[in-house]
Amino acid sequence: MNTKEIAKKLVTFCSKGDWAGAHNSLYAKDAISIEAYETPQFEKETRGLDAIREKSNKFDGMVEKIHSIETSEPLVAGNSIAFTLAMDITMKGQGRMNAPELCVYQTKDGKIVSEQFFA
């Protein structure tokens with residue numbers, strides 16, 4: 086799968102909030118995830134697909150309700166993908182909020198090897 090194909094599938098998964106689907110079909114086992122900033126709940130950097138899945142499951146457990154998810158069309162340059170993702174979500178004990186971010190990915194050998202988020 087080339088980077089444009091990965092980008093199209095990734096945006097489709099993300100627009101549905103199907104993080105597990107994206108992880109299971111598009112990510113390399115040694116992928117790295119880098120958050121915009123470290124929080125008490127999440128480290129700045131997560132290494133390995135199993136740890137990324139665990140982080141995703143933890144996030145899902147913190148969400149009371151996803152009201153909407155909007156993604157932009159992906160930009161692809163070489164092995165890089167970028168798009169915006171904006172979630173209207175209610176977090177447990179925190180209320181409703183808008184969470185926009187820029188999502189940047191790197192691919193290698195037909196798989197996502199890194200993701201980085203900018204708030």
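Residue numbers (our numbering): 86 to 204. Ideal Cβ positions, reconstructed from N, Cα and C, are used throughout, including at glycine. Please read these numbers as outputs of a predicted model, since none were measured by experiment.
Flag this pair as yes or no: are the beta carbons of residue i and residue j separated by less than 8 Å?
i: Thr61; j: Ile166; result: In the structure displayed, the chain extends from 86 to 204; residue 61 sits before or after that span and is not available.
i: Glu186; j: Ala204; result: yes
i: Gly195; j: Met86; result: yes
i: Val96; j: Thr156; result: yes
Using CA coordinates, which residue listed in the options is at the minimum distance from residue i?
i: Ser118; options: Ala162, Ala136, Thr88, Leu160; result: Ala136
i: Asn183; options: Met86, Glu158, Glu123, Lys150; result: Lys150
i: Asn142; options: Glu123, Asn164, His108, Met172; result: His108
i: Ile91; options: Gly146, Gly133, Leu111; result: Leu111
i: Ile154; options: Trp104, Lys89, Tyr122; result: Trp104
i: Met147; options: Leu134, Asn164, Phe127, Pro159; result: Phe127
By the DSSP assignment, the alpha helix (DSSP H) with residue i in it spans what residues?
i: Asn109; result: 104-111
i: Phe98; result: 88-100
Please go through the same chain and pick out, in chain order, the residues whose beta-carbon is closer than 6 Å to the beta-carbon of residue i, but skip the five residues on each side of it.
i: Val189; result: Ala167, Gln201
i: Arg222; result: Nothing can be reported for residue 222, as the shown portion of the chain is limited to 86 through 204.
i: Val198; result: Ala113, Ala116, Gln191
i: His152; result: Asp173
To which residues does DSSP link residue i through a beta bridge?
i: Val148; result: Met176
i: Glu186; result: Leu170
i: Gln191; result: Ser165, Ser199
i: Glu123; result: Paired residues: none, contrary to the question.
i: Ile117; result: Arg132, Ser199
i: Ile154; result: Met172
Under DSSP, the beta strand (DSSP E) around residue i begins and ends at which residues?
i: Thr131; result: 130-132
CB-CB under 7 Å to residue i, same chain, minus the five flanking residues each way: which ones, in chain order?
i: Gly106; result: Phe98
Within a Cβ cutoff of 8 Å, which residues of the same chain sit near residue i, ignoring the five residues on either side of it in sequence?
i: Tyr122; result: Lys129, Ala204
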